[in-house]
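Using my numbering, the letters of the sequence shown map in sequence onto residues 2 to 358.
By construction, the Cβ of each residue, glycine as well, lies at the ideal position given by its N, Cα and C atoms.
Notes follow once the structure below has been shown.
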Amino acid sequence: MLSIGIDIGGTKVAAGVVDEAGTILRRLQRPTPSRSPAAVENAIVESVEELSQGLAIGAVGIGAAGWVDTEQALVRFSPHLAWRNEPLRDRLISRISVPVLVDNDANAAAWAEFRFGAGRGSRVMVCLTLGTGIGGALVINGRLFRGRYGMAGEFGHITVVPDGHWCPCGNRGCWEQYASGNSLVRDTKALLEEGSPRAQGLLDHVTDRDPAKLIGPDVTAAALDGDELAVELISDVGYWLGRGMADLAAALDPDLFVIGGGVSDAGELLLAPARSAFGRHLTGRGYRPVAEIQHARFGPNAGLIGAADLARHSITEPPGPARGFWPRRRTRRARRPIFQSFAEGFAPSADRPSPGR
Ligand SMILES: [Zn+2]
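Following this line, the structure appears as structure tokens:
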């Protein structure tokens with residue numbers, strides 16, 4: 002069965018037809034039209050129509066930057082788009098003739114890596130996407146962990162520096178203020194604006210040698226060219242990445258971290274310092290297996306591949322009412338009827354425990 006995956010970011014909409022092996026057969030990309038929900042919805046429908054021509058498509062999956070509820074129907078909040086409690090799935094179902102699934106973009110990217118990429122075979126996988134912020138997702142025993150209300154995995158907003166840099170979330174010292182593309186650009190810009198003689202080589206990689214025009218990939222390009230300052234700046238991001246991962250390991254005990262997003266294009270220049278800081282700050286170090294830290298495989302296509310595969314799975318293995326994990330565990334299915342018949346026999350209907358609680 003073929004399915005379509007659509008990754009909706011703040012600047013671009015990437016969509017593709019994906020087969021059961023995770024291979025992209027057709028792909029298109031267009032700028033995110035505007036912040037208007039109606040315009041984004043039209044862009045999704047047009048992408049589906051264009052990609053479907055001459056193909057039998059079984060499902061459509063949307064990976065959206067934002068908080069998606071546990072029913073995967075409602076986008077509660079999106080930082081880059083104007084979605085506020087947007088019933089995106091129902092709006093699309095009325096315009097698209099196949100089943101539609103909506104999920105968070107970081108969940109979709111993690112799912113692609115788990116199914117077909119760097120995360121295959123892992124038992125407890127943490128996926129971190131380093132872009133403007135840190136996108137986080139967790140796959141445990143083959144299932145995405147979404148939390149009770151669909152908001153699990155917001156690792157980027159764990160406080161790592163009390164009273165540190167302000168974060169758009171309203172708090173200070175969040176992890177993503179130290180280990181993301183935005184933090185790399187902020188720190189590099191500050192150095193360039195100081196006119197440091199050490200920064201002259203890096204400035205050659207910036208448009209018009211104007212610090213105001215610096216973008217993250219300029220620093221990566223300079224670092225890959227061997228510029229010492231750029232290497233140090235990316236290493237600093239790696240250091241904070243490793244420290245934060247050590248805290249996550251204390252809480253979650255994963256066997257694998259998969260690192261994706263634009264900043265990870267620096268490869269080992271980022272990951273080597275991250276591994277070093279991780280090993281240095283890991284609780285119980287010396288007495289426990291150390292989680293692997295791997296570069297993501299699918300780069301900018303992870304979101305659309307994962308969204309397409311999640312949509313396909315939602316049809317072939319429909320999730321039950323307990324949406325925190327899916328597909329449902331067989332053991333749970335066997336136990337439920339006993340519990341329900343007890344409740345139906347003795348509890349007044351208004352007090353009946355609802356399934357999935
Ligand atoms: Zn924050």
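Leaving aside the five residues before and after residue i along the sequence, list all residues of the same chain whose C-beta is less than 8 Å from its C-beta, in chain order.
i: residue 95; result: none
i: residue 253; result: 125, 127 and 139
i: residue 332; result: Note that residue 332 scores 44 on pLDDT, short of 50, meaning its location in the model is unreliable and no value can be drawn from it.
i: residue 11; result: 33, 66, 80, 81, 82 and 133
i: residue 193; result: 200, 203, 204, 207, 212 and 215
i: residue 156; result: 127, 129, 135, 137, 176, 245 and 249
i: residue 349; result: Low confidence applies to residue 349: its pLDDT is 41, below 50, so where it sits in the model is not reliable enough to give any reading.
i: residue 68; result: 76, 77, 78, 79, 105, 151 and 152
Going by DSSP, what residues sit across from residue i in a beta bridge?
i: residue 168; result: Residue 168 pairs with nothing; no bridge assigned.
i: residue 296; result: 260
i: residue 87; result: 76
i: residue 138; result: 128
i: residue 68; result: 78
i: residue 105; result: 65
i: residue 30; result: 15
i: residue 145; result: 140
i: residue 7; result: 16 and 63
i: residue 94; result: Paired residue(s): none; residue 94 is not in a bridge.
i: residue 25; result: 19
i: residue 173; result: 167
i: residue 284; result: Answer is none; residue 284 lacks a bridge partner.
i: residue 160; result: 175
i: residue 58; result: 3
Under 7 Å: does the beta carbon of residue i sit that close to some heavy atom of ligand 3?
i: residue 172; result: Ligand 3 is absent from the structure shown, which contains only ligand 1.
Got a sec? Which residues, its chain only, sit under 6 Å from residue i by beta carbon, not counting five neighbours each side?
i: residue 166; result: 178
i: residue 325; result: Legend: pLDDT at residue 325 = 40, less than 50; position of this residue unreliable, value from coordinates given subsequently. Closer than 6 Å at Cβ, skipping near neighbours: 147.
i: residue 21; result: none
i: residue 280; result: none
i: residue 183; result: 133
i: residue 168; result: 175 and 178
i: residue 295; result: 119 and 259
i: residue 31; result: 14
i: residue 273; result: none
i: residue 93; result: 101
i: residue 9; result: 65
Compute the minimum distance between the beta carbon of residue i and the heavy atoms of ligand 1, and state whether it is under 7 Å.
i: residue 166; result: no
i: residue 128; result: no
i: residue 158; result: yes
In chain order, what residues of the same chain lie with their CB nearer than 7 Å to the CB of residue i, ignoring the 5 residues before and after it?
i: residue 49; result: 5, 61 and 97
i: residue 180; result: 131, 135, 238, 241, 242 and 245
i: residue 74; result: 88, 90, 91 and 103
i: residue 250; result: 283 and 292
i: residue 336; result: Its pLDDT being 47, under 50, residue 336 is placed unreliably in this model, and the coordinates cannot settle the point.
i: residue 164; result: 173 and 174
i: residue 219; result: 206 and 207
i: residue 299; result: 113, 114, 118 and 306
i: residue 190; result: 212 and 215
i: residue 56; result: 3 and 18
Is there a C-beta anywhere in chain D that falls below 8 Å from the one on residue i?
i: residue 130; result: Considering every chain present, this structure includes no chain D. It has just one protein chain.
Query raised in the report: Given 8 Å as the limit, is there contact between the segment 251-267 and the segment 128-142, that is, 3 or more CB pairs closer than that?
Result: The segment 251-267, when compared against the segment 128-142, does touch it at the 8 Å Cβ threshold.
Report task. Mind the definition here: the segment 139-150 touches the segment 158-176 only if three or more C-beta pairs lie below 8 Å; say whether that holds. Result -> No, they do not touch.
Query raised in the report: With a cut-off of 8 Å, do at least 3 Cβ pairs link the segment 298-311 to the segment 98-109?
Result: The segment 298-311 makes contact with the segment 98-109: 3 or more CB pairs, one atom from each, lie closer than 8 Å.
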